[in-house]
Amino acid sequence: MTDSQLIRINRTRWALRATFFFMGMMVSATAARLAEIKLNVNASNTAFGTSLMVGNLGGMLGTIVGGRVAHKVGTRRLVQFVIFGVAAAQIANGFMNALWQVPIVSLLAGFTYAFANVGANSQGSMIEAKSGKSLMPSFHGSWSVGALAGSLLAGAIAKVLRPDLHLVINSLFALIGVLVVSKGLLPFASDKEDIKANQEIKHDQPIPPHIKKFLYLISLGSMLALMAEISVGDWSAILLKENLHVGIGVNTLGFSSFLLAQITGRFWAGTLIDKFGIPTVVRTCGVMGGTGYAIGLIISQLTVSHSKAFAVSIMCLSYAVLGLGVAPMPPSYITISGSIPGLPTSRALARMGVLSSLGFFLGRGLISVFAGWIGLPMALLMPAVALIASGLLAKSLNIEKLKI
60 MTDSQLIRIN RTRWALRATF FFMGMMVSAT AARLAEIKLN VNASNTAFGT SLMVGNLGGM
120 LGTIVGGRVA HKVGTRRLVQ FVIFGVAAAQ IANGFMNALW QVPIVSLLAG FTYAFANVGA
180 NSQGSMIEAK SGKSLMPSFH GSWSVGALAG SLLAGAIAKV LRPDLHLVIN SLFALIGVLV
240 VSKGLLPFAS DKEDIKANQE IKHDQPIPPH IKKFLYLISL GSMLALMAEI SVGDWSAILL
300 KENLHVGIGV NTLGFSSFLL AQITGRFWAG TLIDKFGIPT VVRTCGVMGG TGYAIGLIIS
360 QLTVSHSKAF AVSIMCLSYA VLGLGVAPMP PSYITISGSI PGLPTSRALA RMGVLSSLGF
420 FLGRGLISVF AGWIGLPMAL LMPAVALIAS GLLAKSLNIE KLKI
């Protein structure tokens, strides 16, 4: 690689990191204020969680369509176009006042964000291939930095700024940020090069059975890891407010603790993966993260009646452990999917995204249903089990054994 090519790739890496930062900032403000949004629509845990679950149907559709659009117009244009829809969906969350509106807005949010994810993650996979280093964890780490910034800001201003006005300001700021920095992403020519280099399985040809089976396995692992990750955004603010009895603003501490630990883990994960390999890192983080989170959740519930401060501290610590465990998971599964020989990156990521979203749709629904049956704390043990299972699936991630 020449010096000019290296400089160009480095600039593109930072452009993608900045893009992920603003994407994370855009959606985290909504997650941090879900407890207030739930109160505004006057919904139970089960009804609210089930309504949010519809977003996964939108995610499946957005992933399918996003993969095809990326193939036609390129991943950079895809991100720049669909980010307007992402912003509109996040703003709409702040204006909901009835339960029937939640599934509609969730559907739009899931559809548009999945669209953007296909573009951003495909860019990451192509940059990774050009650089020859494990960069995907750091790209997702930039998303977590943006999400942490949005979460901390939401906690600081929650008592003085209504959710609707807050989400308008936050979404427009992040929208402008994405539009500015995404100009530095890889051009359409890079998408064409990727397709040309992986044309053994053409876009209109069926995927061979052994590669399809491999995609099923990594999709299952990705889905289980995402179930653990998304459960924090969906339920952490609600858990701290309704079960640990802390006020608005303070109830964002669980989400912020998770993000801070996740950021640390993701910026270290690339080095660890280069040294030990994806299977070892994923297995270790999955088992340790899921087990530690479950223990902390149980302790916090047993001690809240004796000391609320201690219980909240333990819960925040358990979310931090979960963040460390989750950190390498989704980016590792994306790296493996994007490295399948003979299969274009955008097609592989789209197929994995659809399959993982389908499974996650069912998993997200189970948490909502069990929250109504056995209580939210017990239902939130499911993400711990999911993360452990995702780690144990690491033995299926050896792509070197996969033949075209």
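Just so you know, we're using my numbering here: the sequence shown kicks off at 60 and counts up by one. All C-beta atoms in this analysis are idealised placements derived from N, C-alpha and C, irrespective of residue type, glycine included.
Problem set entry | Spatial distance of PRO400 from VAL204 (CA atoms) | Here the C-alpha atom of PRO400 lies approximately 32 Å from the C-alpha atom of VAL204.
Exercise. When DSSP labels each residue in this structure, what does ALA448 get in the three-state scheme?
Worked result: Helix.
Exercise. Helix, strand or coil: how does DSSP classify TRP73 here?
Worked result: Helix, per DSSP.
Exercise. How big is the Cα-Cα spacing for PHE181 and LEU408?
Worked result: The question names Phe, but residue 181 in the sequence shown is Ser. Distance between the alpha carbons of SER181 and LEU408: 7 Å.
For this session: Tell me whether the beta-carbon of LEU452 lies closer than 8 Å to the beta-carbon of GLY280.
Result: A Cβ-Cβ contact shorter than 8 Å links LEU452 with GLY280.
For this session: Less than 8 Å between the CB atoms is what I'm expecting for GLY133 and VAL177, so what's the real figure, rounded?
Result: Taking the Cβ atoms as the reference, GLY133 lies roughly 12 Å from VAL177, outside the contact range of under 8 Å.
Problem set entry | Chain-order list of residues whose beta-carbon lies under 8 Å from that of ILE395 (same chain, five-residue window excluded) | Here the set comprises ILE277, ILE337, LEU456, ILE458.
For this session: Flag this pair as yes or no: are the beta carbons of ALA353 and LEU440 separated by less than 8 Å?
Result: Going by C-beta atoms, ALA353 is nearer than 8 Å to LEU440.
For this session: Consult DSSP for VAL341 and reduce its assignment to one of helix, strand or coil.
Result: The DSSP-derived three-state label of VAL341 is helix.
For this session: Give every residue of the same chain whose Cβ lies closer than 6 Å to the Cβ of THR171, excluding the five residues on either side of it in the sequence, and list them in chain order.
Result: Excluding residues up to 5 positions away in sequence, VAL141, GLY144, VAL145, ALA148 lie with their Cβ nearer than 6 Å to the Cβ of THR171 in the same chain.
For this session: Give every residue of the same chain whose Cβ lies closer than 7 Å to the Cβ of TRP73, excluding the five residues on either side of it in the sequence, and list them in chain order.
Result: Closer than 7 Å at Cβ, skipping near neighbours: no residue.
Exercise. Of all the options LEU435, ILE332, LEU376, SER290, which has the alpha carbon lying nearest to the alpha carbon of MET195?
Worked result: Closest in C-alpha terms to MET195, from the list LEU435, ILE332, LEU376, SER290, comes ILE332.
Exercise. Nearest-angstrom Cα distance between VAL240 and ARG135?
Worked result: Each residue's alpha carbon lies about 11 Å from the other.
Exercise. If we ignore side chains and look at the alpha-carbon of each, how far apart do LEU98 and GLU301 end up?
Worked result: Distance between the alpha carbons of LEU98 and GLU301 is about 11 Å.
Exercise. Should ARG76 go down as buried or exposed, given a rule of 16 or more other Cβ atoms within 10 Å for buried?
Worked result: Burial call: buried.
Exercise. Can you tell me the Cα-Cα spacing of CYS375 and THR343, whole angstroms?
Worked result: In a straight line, the C-alpha of CYS375 is about 21 Å away from that of THR343.
Exercise. By a C-beta neighbour count over all protein chains shown, 10 Å radius and 16 as the cutoff for buried, is ILE463 buried or exposed?
Worked result: With a pLDDT of only 47 at ILE463, under 50, the local geometry of the prediction cannot be trusted, and no value is derived from it.
Exercise. Where does MET85 sit, in a helix, a strand or coil, going by DSSP?
Worked result: Helix at MET85.
For this session: Just tell me which of LYS255, MET411, LEU421 has its CA closest to the CA of LEU116.
Result: Cα-wise, what sits closest to LEU116 is LEU421.
Problem set entry | Distance, ALA206 Cα to VAL138 Cα | C-alpha of VAL138 to C-alpha of ALA206: approximately 18 Å in a straight line.
Problem set entry | Assigned secondary structure, ASN99 (DSSP; H/G/I helix, E/B strand, else coil) | In this structure, ASN99 counts as helix in the three-state DSSP scheme.
Problem set entry | N-terminal and C-terminal residue of the alpha helix (DSSP H) that HIS269 is part of | Looking at the DSSP string, the run of the alpha helix (DSSP H) that includes HIS269 is 268-301.
Exercise. If you run the structure through DSSP and keep just helix, strand and coil, what is LEU65?
Worked result: LEU65 falls in the helix class under three-state DSSP.
Exercise. Excluding the five sequence neighbours on either side, which residues of its own chain have a C-beta within less than 8 Å of the C-beta of LEU244, listed in chain order?
Worked result: Cβ neighbours of LEU244 beyond the five flanking positions: THR71, ALA74, LEU75, THR78, THR134, ARG135, VAL138, GLN182.
Problem set entry | 8 Å Cβ cutoff met for LEU166 and GLY114 | Yes; because the gap between Cβ atoms is below 8 Å, this pair is in contact.
Exercise. Roughly how many angstroms lie between the CA atoms of THR89 and LEU383, to the nearest whole one?
Worked result: Rounded to whole angstroms, THR89 to LEU383 spans 22 Å at the Cα level.
Problem set entry | Whole-angstrom C-beta distance between GLY83 and GLY209, which should lie under 8 Å | At roughly 7 Å, the Cβ-Cβ gap stays under 8 Å, so GLY209 and GLY83 are in contact.
For this session: For ALA151, I'd like the list of residues in its chain whose CB is within less than 6 Å of its CB, leaving aside the five on either flank, ordered along the chain.
Result: Same-chain partners within the cutoff: VAL164.
Problem set entry | Cα-Cα separation between ILE235 and ASN69, rounded to whole angstroms | One C-alpha to the other measures close to 22 Å.
Problem set entry | Nearest-angstrom beta carbon gap, SER405 and MET119 [assumed within contact, 8 Å] | So it is not a contact: roughly 16 Å between Cβ atoms.
Problem set entry | Cβ-based burial, ILE66 [other Cβ within 10 Å; buried from 16] | By the neighbour-count rule (16 or more Cβ atoms within 10 Å), ILE66 is not buried but exposed.
Exercise. Where in the segment 352-429 do unbroken runs of the alpha helix (DSSP H), each at least 4 residues long, occur, reported from the N-terminal end onward?
Worked result: For the segment 352-429, whole alpha helix (DSSP H) runs of length 4 or above, ordered along the chain, are 367-385, 388-397.
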